[in-house]
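Engineer: The following block contains the structure, expressed as structure tokens.
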Amino acid sequence: MDLCIVGAGPRGLSVLERLCAHERKNPRWDRVTVHVADPSPPGSGRVWRPTQSRHLLMNTVASQVTVFTDASVQTEGPLEEGPSLHQWARALGAGALNTGPHLAHDEETLAEARALGPDTYPTRALYGHYLMWVFRQVIAEAPAHVTVRVHPARAVALSEETAAGPHAAQSVLLEDGTRLTGLSAVVLAQGHVPARPTGTEQRLAAFAARHGLTYLAPANPADTDLTCVAPGEKVLLRGLGLNFFDYTALFTQGRGGTFTRTGGRLVYHPSGREPRLYAGSRRGVPYQARGENEKGAHGRYFPRLLTARHAQALRAPGGRPRPVRFTADLWPLIAREVESVYYETLLTARGHTPDQVAEFAGQYLHTPPGPPQEHLLDVFAVPVAERWDWSLVSRPYGERTFGDLDAFRTWLRAHLDDDVRQARLGNVSGPRKAALDILRDLRNEIRLAVDHAGLDAASHRDELDGWYTPLNAYLSIGPPASRIEEMAALIDAGVLEVTGPGMRVEADPHAPDGPRFTHTSDIPGVHVHATTLIESRLPEIDLRRTADPLMNQLLHTGQCRPHRVPGADGQDYETGGLAVSARPYHLVDAAGTAHPRRFAYGVPTESVHWVTAAGIRPGVGSVTLEDSDAIAAAALALPEPARAAAPPATTLAAPDTATGPAPARKAS
6 MDLCIVGAGP
16 RGLSVLERLC
26 AHERKNPRWD
36 RVTVHVADPS
46 PPGSGRVWRP
56 TQSRHLLMNT
66 VASQVTVFTD
76 ASVQTEGPLE
86 EGPSLHQWAR
96 ALGAGALNTG
106 PHLAHDEETL
116 AEARALGPDT
126 YPTRALYGHY
136 LMWVFRQVIA
146 EAPAHVTVRV
156 HPARAVALSE
166 ETAAGPHAAQ
176 SVLLEDGTRL
186 TGLSAVVLAQ
196 GHVPARPTGT
206 EQRLAAFAAR
216 HGLTYLAPAN
226 PADTDLTCVA
236 PGEKVLLRGL
246 GLNFFDYTAL
256 FTQGRGGTFT
266 RTGGRLVYHP
276 SGREPRLYAG
286 SRRGVPYQAR
296 GENEKGAHGR
306 YFPRLLTARH
316 AQALRAPGGR
326 PRPVRFTADL
336 WPLIAREVES
346 VYYETLLTAR
356 GHTPDQVAEF
366 AGQYLHTPPG
376 PPQEHLLDVF
386 AVPVAERWDW
396 SLVSRPYGER
406 TFGDLDAFRT
416 WLRAHLDDDV
426 RQARLGNVSG
436 PRKAALDILR
446 DLRNEIRLAV
456 DHAGLDAASH
466 RDELDGWYTP
476 LNAYLSIGPP
486 ASRIEEMAAL
496 IDAGVLEVTG
506 PGMRVEADPH
516 APDGPRFTHT
526 SDIPGVHVHA
536 TTLIESRLPE
546 IDLRRTADPL
556 MNQLLHTGQC
566 RPHRVPGADG
576 QDYETGGLAV
586 SARPYHLVDA
596 AGTAHPRRFA
606 YGVPTESVHW
616 VTAAGIRPGV
626 GSVTLEDSDA
636 IAAAALALPE
646 PARAAAPPAT
656 TLAAPDTATG
666 PAPARKAS
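So in our numbering, spot 642 of the sequence shown is number 647, and the numbers just go up one at a time.
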């Protein structure tokens with residue numbers, strides 16, 4: 006059997022590991038050759054490559070990152086445990102790993118590994134080293150009849166070799182001209198792929214080109230050349246999410262600036278090479294800091310209302326499937342789960358006994374909102390000022406207005422300090438962060454309800470995509486508290502100015518100093534003219550605008566299509582996600598037919614699946630691991646394909662990237 010995995014990042018790596026695990030435990034074939042195609046380093050892929058700046062951090066602690074299965078994962082294949090990122094780093098730092106000559110690590114990497122604690126946020130580069138080590142371990146321990154061949158090239162086309170349709174062998178064309186033929190299955194695991202600019206982005210780029218300005222479209226900051234930005238230059242950063250923190254790190258620490266702690270307060274010392282940064286967004290405040298981890302590697306909250314059973318039952322009441330409305334069917338349960346944890350943690354901190362807290366929770370979870378809930382809070386003496394308020398949680402300045410930028414800056418600095426203080430209380434002991442961390446723990450249950458067109462089209466578009474997903478990102482997938490503290494120090498140092506909510510940017514050919522990007526906001530008096538505009542966010546996942554050559558070829562030849570969510574009114578919602586079937590995620594063509602020999606999962610399928618960028622976490626039943634196992638099992642179970650009459654082309658791999666015998670024996 007011959008297979009091809011397109012994409013050698015964490016998801017492609019996971020499929021490879023699962024293929025080897027299946028063939029080790031219950032071999033189906035005399036010979037298996039797995040081709041892995043990716044121009045970036047195998048294991049890490051492009052996003053996690055070890056050569057990127059060490060100023061870029063993960064937003065997950067080291068003990069909660071893995072690639073390996075464990076007893077919490079429900080798989081058809083065998084469970085084969087391995088080290089988490091933290092466990093690997095400890096072994097690496099202690100000199101207990103046999104990394105081999107190809108994975109020698111520099112002293113900076115070893116120093117980080119030695120210092121890494123279970124609740125430390127690692128650099129992305131260190132995670133890349135871990136992934137590359139796992140890749141080589143998987144190859145080294147592969148069954149004798151399994152060969153892995155790495156092709157450091159981009160896949161640009163996928164086709165069938167004969168007219169036998171889905172029974173035909175598959176063929177993958179690589180950018181370097183290599184054609185992989187006779188394939189029984191192809192797995193698309195590309196992760197983030199490039200996108201063509203929107204109309205607005207094209208206009209801004211054209212304006213910049215005409216007038217000698219700089220416009221950086223949405224992208225991974227690690228892939229962006231910032232040398233064109235001069236020291237002292239005015240730079241607009243549009244967006245205050247995770248990419249914003251990456252750009253500020255690259256423009257400050259990445260240019261020689263340093264942080265020190267003076268009297269308990271973080272102070273930034275400029276190098277003099279920083280640009281002058283102005284940042285804003287629609288909300289006007291950065292993503293909230295993650296609470297310090299108190300849950301260990303495997304701890305999570307188990308829902309009491311939005312259980313897996315309830316989520317599944319929502320989709321088929323009385324045995325008849327029906328669309329779910331997010332705000333009517335899911336949000337009330339999510340909100341009450343979050344609120345109950347907030348109050349339970351608050352009451353515990355105030356000295357209530359476990360029995361009293363349990364009594365409160367039992368009542369609160371089943372008390373209707375409004376006066377009945379308020380009465381219950383009165384009974385338990387929860388002050389009005391400390392009661393949970395979703396409007397303030399989502400918009401922390403509430404209905405407050407600011408007369409000028411100084412007033413907003415004063416409020417924002419206090420808000421940032423409070424966010425850090427709340428984060429330091431922890432995600433179990435701190436009421437606010439314990440509550441918000443529940444949003445992260447509820448992802449699997451939400452997926453059960455919304456994935457694969459679980460919602461009505463209008464609800465998916467307006468309530469999930471348009472409202473809850475950005476709210477969830479703001480509240481639960483923010484940066485470490487250290488990043489918020491650094492942001493505050495940059496404001497104090499005069500390097501960064503946050504310009505408030507309602508950010509607006511115009512291409513202004515008539516600015517006082519010549520053509521500029523002109524920025525205003527809802528704060529009176531904000532009027533910034535800048536020579537550089539950076540979209541500090543990733544590009545939207547949209548198959549219809551893909552710049553990936555393989556995705557583009559599949560789309561324009563009708564071999565794939567965007568995912569559509571049916572509407573109760575007959576109006577479908579076409580998303581930008583890559584359409585796939587239910588698990589094991591066969592690729593769906595333009596006619597709506599699932600291809601039995603083609604699989605796809607991960608980031609390009611966003612909207613078919615919800616929050617696909619989440620990483621693999623140990624001990625919590627990782628959906629990604631269950632997905633990759635299902636794909637591996639389905640691929641290995643396929644019958645031999647119908648092959649073309651001509652002999653397949655020979656493809657060679659470097660000796661250090663292949664293992665096992667050459668593909669000589671015919672598969673049984």
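The C-beta atom is built at its ideal place from N, Cα and C for all residues, glycine as well.
Tell me the DSSP bridge mates of glycine 285?
Structural biologist: Paired residue(s): Arg243.
Engineer: According to the neighbour-count rule (16 or more other Cβ atoms, all chains shown, within 10 Å of its Cβ), is leucine 397 buried or exposed?
Structural biologist: When all chains shown are included, leucine 397 counts as exposed.
Engineer: How is tyrosine 220 classed by DSSP in three states: helix, strand or coil?
Structural biologist: Three-state DSSP puts tyrosine 220 in a strand.
Engineer: Should the region 547 to 557 be called in touch with the region 241 to 257, which here means at least 3 C-beta pairs below 8 angstroms?
Structural biologist: Judged by Cβ distances under 8 angstroms, the region 547 to 557 makes no contact with the region 241 to 257, as fewer than three pairs qualify.
Engineer: DSSP has glutamate 540 in a bridge; who is on the other side?
Structural biologist: Answer is Arg243, bridged to glutamate 540.
Engineer: Quick check on aspartate 394: buried or exposed, where buried means 16 or more other Cβ atoms within 10 Å of its Cβ?
Structural biologist: Aspartate 394 is exposed by the Cβ-count criterion.
Engineer: Pull up the distance between the alpha-carbon of proline 652 and that of isoleucine 339, whole angstroms please.
Structural biologist: Note on proline 652: pLDDT 49, under 50, position unreliable in the model; the coordinate value appears next. Each residue's Cα considered, the two are about 57 angstroms apart.
Engineer: To which residues of the same chain is threonine 350 closer than 6 angstroms at the C-beta, ignoring the five residues directly before and after it?
Structural biologist: Correct list, in chain order: Pro436, Ala439.
Engineer: In the DSSP assignment, what residue or residues form a beta bridge with arginine 509?
Structural biologist: Bridge partners of arginine 509: Thr525.
Engineer: Closest to asparagine 31 by C-alpha separation, out of Val151, Ser89, Gly483, would be which residue?
Structural biologist: Residue Val151 is the option with its Cα nearest to asparagine 31.
Engineer: Taking 8 angstroms as the threshold (C-beta atoms), are valine 500 and proline 275 in contact?
Structural biologist: Against a cut-off of 8 angstroms, the Cβ pair of valine 500 and proline 275 comes out as a contact.
Engineer: Taking three-plus beta-carbon pairs below 8 angstroms as touching, is the region 148 to 163 in contact with the region 121 to 131?
Structural biologist: No, the region 148 to 163 does not touch the region 121 to 131.
Engineer: Strictly by DSSP, which residues pair up with glutamate 152?
Structural biologist: Per the sequence shown, the amino acid found at residue 152 is threonine instead of glutamate. According to DSSP, threonine 152 bridges with Thr38.
Engineer: Which same chain residues end up closer than 6 angstroms to alanine 486 when comparing Cβ atoms and leaving out the 5 residues on each side of it in sequence?
Structural biologist: Excluding residues within five positions, the ones whose Cβ falls inside 6 angstroms are Ala294, Val425, Ala428.
Engineer: Look up proline 652 in the DSSP assignment and say whether it is helix, strand or coil.
Structural biologist: With a pLDDT of only 49 at proline 652, under the threshold of 50, the placement of this residue in the model should not be trusted, and no figure is reported.
Engineer: Is it buried or exposed, proline 660, if we count other Cβ atoms within 10 angstroms and call 16 or more buried?
Structural biologist: Residue placement at proline 660 is flagged as unreliable, the pLDDT there being 34, under the threshold of 50; a coordinate-derived value is accordingly withheld.
Engineer: From the DSSP secondary-structure annotation, give me the bridge partner or partners of phenylalanine 604.
Structural biologist: Answer by DSSP bridge pairing, in chain order: Val192, His591.
Engineer: For histidine 532, collect the residues of the same chain with a Cβ closer than 8 angstroms to its Cβ; drop the 5 residues on either side in sequence, then sort them by chain order.
Structural biologist: Here the set comprises Thr523, His524, Thr525.
Engineer: I need the straight-line Cα distance from glutamine 576 to alanine 462, nearest angstrom please.
Structural biologist: Whole-angstrom Cα-Cα distance: 7 angstroms.
Engineer: Report the option in Glu28, Glu631, Thr65 whose CA atom is closest to the CA atom of alanine 302.
Structural biologist: Cα-wise, what sits closest to alanine 302 is Thr65.
Engineer: I want to know whether the region 181 to 200 touches the region 77 to 96 - three or more CB-CB distances under 8 angstroms.
Structural biologist: Because the criterion of three Cβ pairs below 8 angstroms is not met, the region 181 to 200 and the region 77 to 96 do not touch.
Engineer: In the DSSP output, which residue or residues are listed as bridge partners for leucine 352?
Structural biologist: Leucine 352 pairs with nothing; no bridge assigned.
Engineer: Do the region 51 to 65 and the region 172 to 184 touch if we need at least three Cβ pairs shorter than 8 angstroms?
Structural biologist: Counting Cβ pairs under 8 angstroms, fewer than three are found: no touch.
Engineer: Can you tell me whether cysteine 233 is helix, strand or coil according to DSSP?
Structural biologist: DSSP places cysteine 233 in coil when its eight states are reduced to three.
Engineer: Quick one: is cysteine 9 buried, meaning 16 or more other Cβ sit within 10 Å of its Cβ, or exposed?
Structural biologist: Classification for cysteine 9: buried.
Engineer: Can you have a look at glutamine 207 and say buried or exposed, based on whether 16 or more other CB atoms are within 10 angstroms of its CB?
Structural biologist: Answer is exposed; the Cβ neighbour count stays below 16.
Engineer: Tell me the DSSP bridge mates of arginine 270?
Structural biologist: Bridge partners of arginine 270: Thr267.
Engineer: Which residue wins for smallest C-alpha separation from threonine 629, given the options Ala160, Arg51, Val616, Ala640?
Structural biologist: Nearest C-alpha to threonine 629: Val616.
Engineer: Using 8 angstroms as the threshold, is the C-beta distance between proline 202 and alanine 222 below it?
Structural biologist: In contact: proline 202 and alanine 222 (Cβ atoms closer than 8 angstroms).
Engineer: Checking the sheet assignment: what are the DSSP bridge partners for alanine 647?
Structural biologist: Looking at the DSSP assignment, alanine 647 forms a beta bridge with Ala173.
Engineer: Answer yes or no: do proline 475 and glutamine 195 have a C-beta to C-beta separation smaller than 8 angstroms?
Structural biologist: It is not a contact, given that the beta carbons lie outside the stated cut-off.
Engineer: Candidates Leu218, Asp228, Tyr479, Phe140: which alpha carbon is nearest leucine 108's?
Structural biologist: Measuring from the Cα of leucine 108, the nearest candidate turns out to be Phe140.
Engineer: Which residues share a DSSP beta bridge with proline 88?
Structural biologist: DSSP, once it has assigned bridges, lists no residue as partnering proline 88.
Engineer: Comparing C-alpha positions only, which one of Leu460, Leu21, Ser481 sits nearest to glycine 82?
Structural biologist: When each option's Cα is compared against that of glycine 82, the closest is Leu21.
Engineer: Within 10 Å of its beta-carbon, does histidine 591 have 16 or more other beta-carbons around it, so buried, or fewer, so exposed?
Structural biologist: Histidine 591 is buried by the Cβ-count criterion.
Engineer: Is the beta carbon of glycine 530 closer than 8 angstroms to that of leucine 417?
Structural biologist: Not in contact: leucine 417 and glycine 530 (Cβ atoms no closer than 8 angstroms).
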